[in-house]
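Inspection log for the structure reproduced underneath, given as C-alpha cells.
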Amino acid sequence: MLKRATHSRLTKSYDYSLTIKTKSVEEQEMIHLQQFIDILSNDFVNKRQLSKLSKNGIAKQVRGKVWKILIGYIPCEINKQKENLNNKRKDYIIMTNKLLKGGLTFNEEKCEEQIIKDLNRLTHDIPFLFHKKIQELMKRLLLIYAIKHPASGYVQGMSDMIVPFLIVYIDEYYFESYEKKIIDKFSQKELDELEADVYWSFCWILQSIQSHYTYDQPGIRNELKELEILTKKYNKKVDEHLKKLNMQYIQFAFRWFNCCLIREFPIELSLILWDGYISEPNGNGFEELNLYCCCSLLEIFSNTILQKDFTDLIVFLQNLPTKNWTKNDIQQLLFKAYAIYTMEHLK
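Just so we're aligned, residue 1 is where the sequence shown starts under the UniProt record's numbering, counting upward by one.
Below, the structure is given as C-alpha cells:
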C-alpha cells in the first residue's frame, strides 16, 4: 500500500524501518545466492567450500545442483556433469525395465500395496505429491529400491524420505509452487529424469543409515540409546523428568530417527535442516547431526517438557509446536546441534 500523507511521523518512521529491514533481508539472500554462484561457476567446484557454505542453508535457486554435487551424484568437474547425469539416468531406466519385466512376485505385490498405503499418508501441504504421475513415480522407485535391497526391503518412513528430493529437483524444472498443476507441465522425459535423480539420491542417504531400515531397525535403536545418553549429559533435568514419568525415548523419538525429522517441521524448514545434513561428508549428517538435532529439540522445549505429565507430554512430543517456526528458528536448532557436535568431538 502507498503511504498516505495523513500518516503520523511515527507511522512513517515505522514503515520506513520495515522497508529497510525487508530490503536488508533481500540483500542478504542475494549475497548468499551469489556466493553459491561464484563457487558453482568454476570449472572445478571446490566441494569443501561448497559444503562449508551449505551448513546453515542453501539458496533455494541452486539447491538442487548443490545437493547433487555434495552427495556425489554429479562430479565437481563442470564439463563432466551432464554426461555423468545422463549415464545415471540411463542406468536407472535399464535397471527398472529389467527388474519389472517379468512382473512382480507375491511378496513384491504385498510390498507394493504397503507403499501405496504410505504414499496416501504423505503430507497434504504439498498437493503435487498426490498427482497421479507423481504417485506412480514414487511407487515405482520405492518398489525398485525394495527389490534391489532385499536386506531391508521397503520400510515405513522411506516414503517420507524421498519427498525432499522430489521438491528440490522439481524446482530445477519449474520453480513455482507445490500445486498439482505444476506436474502437468512435465514431459515424460523430464519425469523419467526426475525419477532417476530422486532414486539415486535416496540410495545415497540410505547407504549411510542402512541399519535404520534392516530387520528390527538396530540403527534407530542405537540412536535412541545415544539420545538418552546425550540428554542425560546436556539436559539432565529433562532426562530425570522422563524417567520419573517412566517414559521411554522410543515412545516419542522413533519417528525423529525413522524420517530424519522430516515430519516435525514445515517443509521449507525441513529442507534447510537437510541442507545441513547433506553438507556433512559421507552422509554422516543423517545419522550423527540428526542425533544432535534431536537432542537440541529436547533442550529447546525443555521448559514445557518439565511441566507436563505423561499423557500430555507424549502428545506434545509427537506434535511439536513448530508450525510457525521461522528460518531463524531452524538455523538456531542447527547451531545448537553443531555446538553439541563440537563438544562431543573435542574428546
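Idealized CB from N, CA, C, for every residue including glycine.
Nothing here was measured: the structure is a model prediction, and the numbers come from that model.
State yes or no: is the beta carbon of K133 nearer than 7 Å to at least one beta carbon in chain B?
Among the chains in the structure shown there is no chain B, since it carries only a single protein chain.
Secondary structure, beta strand (DSSP E): runs of 3+ residues fully inside the region 213-265:
none
Quick one: is N290 buried, meaning 16 or more other Cβ sit within 10 Å of its Cβ, or exposed?
Locating residue 290 in the sequence shown gives position 290, where the first residue counts as 1. It is buried - the Cβ of N290 has at least 16 other Cβ atoms within 10 Å.
Taking 6 Å as the cut-off, is the CB of A253 close to at least one heavy atom of the ligand ZN?
The model depicted lacks the ligand ZN and carries no ligand whatsoever.
With 16 other Cβ atoms within 10 Å as the buried cut-off, status of N258
One-based indexing of the sequence shown puts residue 258 at position 258. Buried, because 16 or more other Cβ atoms sit within 10 Å of the Cβ of N258.
With 16 as the cutoff for other CB atoms within 10 Å, does D275 come out buried or exposed?
Here the question's residue 275 lines up with position 275 in the sequence shown. D275 is buried by the Cβ-count criterion.
Considering F316, what are the terminal residues of the alpha helix (DSSP H) in which it resides?
Taking the sequence shown and counting its residues from 1, one reaches residue 316 at position 316. Taken as a continuous stretch (DSSP letters only), the alpha helix (DSSP H) holding F316 covers 310-318.
Neighbourhood of Q81 by C-beta, 7 Å cutoff - its chain only, sequence neighbours within 5 removed:
Sequence index remark: in the sequence shown, residue 81 carries index 81 (1-based). Only I74, P75 meet the Cβ criterion.
Counting Cβ pairs closer than 8 Å, one from the region 146-164 and one from the region 251-267, do we hit at least three?
yes
Indicate whether T105 and S152 have their beta-carbon atoms separated by less than 7 Å.
Counted from its first residue, the sequence shown places residue 105 at position 105. Counted from its first residue, the sequence shown places residue 152 at position 152. In this structure, S152 does not lie closer than 7 Å to T105 by Cβ.
Taking the continuous alpha helix (DSSP H) assigned at Q207, which residues delimit it?
In the sequence shown, residue 207 corresponds to position 207, counting from 1. It spans 188-208 - the alpha helix (DSSP H) in which Q207 sits, taken as one unbroken run.
For the alpha helix (DSSP H) containing S152, name the first residue and the last one.
Taking the first residue of the sequence shown as 1, we reach residue 152 at position 152. Unbroken run through S152: none, as it is neither H nor E.
F44, DSSP secondary structure in three states:
The residue you call residue 44 lines up with position 44 of the sequence shown. DSSP places F44 in strand when its eight states are reduced to three.
L119 to R140, Cα distance in whole Å?
Sequence index remark: in the sequence shown, residue 119 carries index 119 (1-based). Sequence index remark: in the sequence shown, residue 140 carries index 140 (1-based). If you take the alpha carbons of L119 and R140, they lie about 11 Å apart.
Are the CB atoms of V219 and S211 nearer to each other than 7 Å?
Start at 1 with the first residue of the sequence shown, and residue 219 comes out as number 219. Start at 1 with the first residue of the sequence shown, and residue 211 comes out as number 211. Position check: residue 219 holds Gly in this sequence, whereas Val was assumed. Cβ distance < 7 Å, so G219 and S211 count as in contact.
Nearest candidate by alpha-carbon position, reference T322, set L346, S296, P266
Your numbering for residue 322 matches position 322 in the sequence shown. Measuring from the Cα of T322, the nearest candidate turns out to be P266.
Could you name the residues of the same chain whose beta carbon sits closer than 6 Å to that of Y292, not counting the 5 residues immediately before and after it, in chain order?
By one-based count along the sequence shown, residue 292 stands at place 292. So the list reads A337, I340, Y341, once near-sequence residues are dropped.
From the DSSP output, which residues share a beta bridge with E77?
For the purposes of this step, residue 77 is identified with residue 77 of the sequence shown, where counting begins at 1. Its beta-bridge partners are F44.
How about K65 and P127: are their beta carbons less than 7 Å apart?
Locating residue 65 in the sequence shown gives position 65, where the first residue counts as 1. Locating residue 127 in the sequence shown gives position 127, where the first residue counts as 1. No, these two residues do not count as a Cβ contact at 7 Å.
Start-to-end residues for the alpha helix (DSSP H) that takes in E299
As a working note, residue 299 is residue 299 in the sequence shown. Segment 288-300, the alpha helix (DSSP H) holding E299.
Rounded to whole angstroms, what's the CA-CA distance from N324 to I330? Just pull it up for me.
Start at 1 with the first residue of the sequence shown, and residue 324 comes out as number 324. Start at 1 with the first residue of the sequence shown, and residue 330 comes out as number 330. Cα to Cα, N324 sits roughly 11 Å from I330.
Does the separation of the CB atoms of I278 and L70 fall below 7 Å?
Looking up residue 278 in the sequence shown gives position 278. Looking up residue 70 in the sequence shown gives position 70. Taking 7 Å as the Cβ cut-off, I278 and L70 qualify as a contacting pair.
C-alpha gap between F44 and N79, whole angstroms:
The count along the sequence shown starts at 1 and reaches residue 44 at position 44. The count along the sequence shown starts at 1 and reaches residue 79 at position 79. If I take the Cα positions, the gap works out to 9 Å.
Among residues of its own chain, excluding the 5 on either side of H32, which ones have a beta-carbon nearer than 6 Å to its beta-carbon?
Here residue 32 refers to the residue found at position 32 of the sequence shown. Closer than 6 Å at Cβ, skipping near neighbours: A59.
From this set, R48, N284, D312, N303, which residue's C-alpha is nearest V238's C-alpha?
The residue given as residue 238 occupies position 238 in the sequence shown. The residue with the shortest Cα to Cα distance from V238 is N303.
At what residues does the alpha helix (DSSP H) containing residue 349 begin and finish?
The structure shown does not extend to residue 349, since the chain is modelled only from 1 through 347, so no value can be given for it.
Three-way DSSP call (helix, strand, coil) for T11 in this model:
In the sequence shown, counting from the first residue as 1, residue 11 sits at position 11. The pLDDT assigned to T11 is 31, lower than 50, so where the model puts this residue is not dependable; a value taken from the coordinates is nonetheless given after this. T11: helix per DSSP, three-state reduction.
Do you know offhand how far F165's Cα is from F202's?
Mapped onto the sequence shown, residue 165 falls at position 165. Mapped onto the sequence shown, residue 202 falls at position 202. The alpha-carbon atoms of F165 and F202 are separated by roughly 8 Å.
Skipping 5 residues on each side, what residues in its chain have a beta carbon closer than 7 Å to that of Q35?
What you label residue 35 is simply residue 35 of the sequence shown in a count that begins at 1. Counting only Cβ-Cβ distances below 7 Å, and skipping sequence neighbours, we find L53.
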